[in-house]
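What follows is one structure encoded as structure tokens, with my remarks underneath.
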Amino acid sequence: MDLHALLAFTLVAAIAIASPGPATLMAINNSLAYGPRYAVWSSLGNASGLFCLSAAAMLGLGALLASSEWLFNAVKILGAGYLFYLGAKQLMKKSPMLASDVAAGQAAVKPSRLKLYKSAFLTAATNPKATMFFTALFPQFIDQSAALLPQFLILTAIFMALSLTSLSLYAALASRAKGVLTRPEFSRWVSRVVGSTFICFGAAILTMRRQGA
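Following the working numbering, the numbering of the sequence shown begins with 4 at its first residue and continues without gaps.
Now the structure itself:
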């Protein structure tokens, strides 16, 4: 795996993680309702779920990378198409990130840390967005001529670290800007930036070639 592929994966992963999704909303909700410290446990649960998804994707990666050029191109188109889909979905999104009653902090009863961890783990493990990301995009950044395990650990560690950082930032910001998160204007602005970036990365993936071919 060369530095270019590593940086490209980091950029794509950072955009995918920064895009508001179930894990992000869970971290924000927990931060608003119970405090930023409680959001840490849901962030850890999400990272654990992502690791399981990544490992599952890697189980069939060797056979996929050793397959024909036609199959590689099919996966490449699938990955790019998925990014186009995410971009279009974000561009058309109009609803605010949080309901006004949640942002107002009306929830009071604090659940256990284990419950927060388990809830986030299940949310991540059943998230089709993360499943598609690992399955469709991992092959684009793996060198099939090198050992898979070290590359898997590196890419997964990057993804988990970015996820923890992103969710922690969202949680910290949420506790300081409760009113802003319910403004439709703010949500639309964020959605446009994220959506446009997804589409740009999708176009870039279409120009990639299979490593080791």
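By construction, the Cβ of each residue, glycine as well, lies at the ideal position given by its N, Cα and C atoms. Because the structure is a prediction, the values reported are computed rather than measured.
* Among M163, F136, W73, the one whose alpha carbon lies nearest that of L89 -> It is F136 whose Cα lies nearest to the Cα of L89.
* Asked: Where does L209 sit, in a helix, a strand or coil, going by DSSP?
  -> Here L209 sits in coil by DSSP.
* Runs of alpha helix (DSSP H) lying entirely within the region 122 to 157, each at least 4 residues, in chain order -> DSSP runs (the alpha helix (DSSP H)) wholly in the region 122 to 157: 131 to 140.
* Which word fits Q148, buried or exposed, when buried means at least 16 other C-beta atoms lie within 10 angstroms of its C-beta? -> First, the residue type needs correcting, since residue 148 is Ser and not Gln in the sequence shown. Here S148 is exposed: its Cβ has fewer than 16 other Cβ atoms, across all protein chains shown, within 10 Å.
* Asked: According to DSSP, is S178 helix, strand or coil?
  -> Judged by DSSP in its simplified three-state form, S178 adopts helix.
* Helix or strand or just coil, what does DSSP make of S51? -> Three-state result, S51: helix.
* Apply the 10 Å Cβ neighbour rule to L68 and answer buried if 16 or more other Cβ atoms are within range, or exposed otherwise. => Here L68 scores only 49 on pLDDT, less than 50, and its place in the model should not be relied on; the value that follows carries that caveat. By the 10 Å Cβ count, L68 comes out buried.
* M61, DSSP secondary structure in three states -> Note: M61 maps to helix in three-state DSSP.
* Asked: If you run the structure through DSSP and keep just helix, strand and coil, what is K113?
  -> Of the three classes helix, strand and coil, the one that applies to K113 here is coil, per DSSP.
* Identify which residue in S115, V197, A207, A60 has its Cα closest to the Cα of Q154. => The shortest Cα separation from Q154 among S115, V197, A207, A60 belongs to A60.
* **Inter-residue Cα distance where the pair is A207 and L140** => The C-alpha of A207 lies about 12 Å from the C-alpha of L140.
* When L119, V196, L86 are compared against S51, the one with the closest alpha-carbon -> Per the Cα distances, L119.
* Asked: According to DSSP, is G198 helix, strand or coil?
  -> In this structure, G198 counts as helix in the three-state DSSP scheme.
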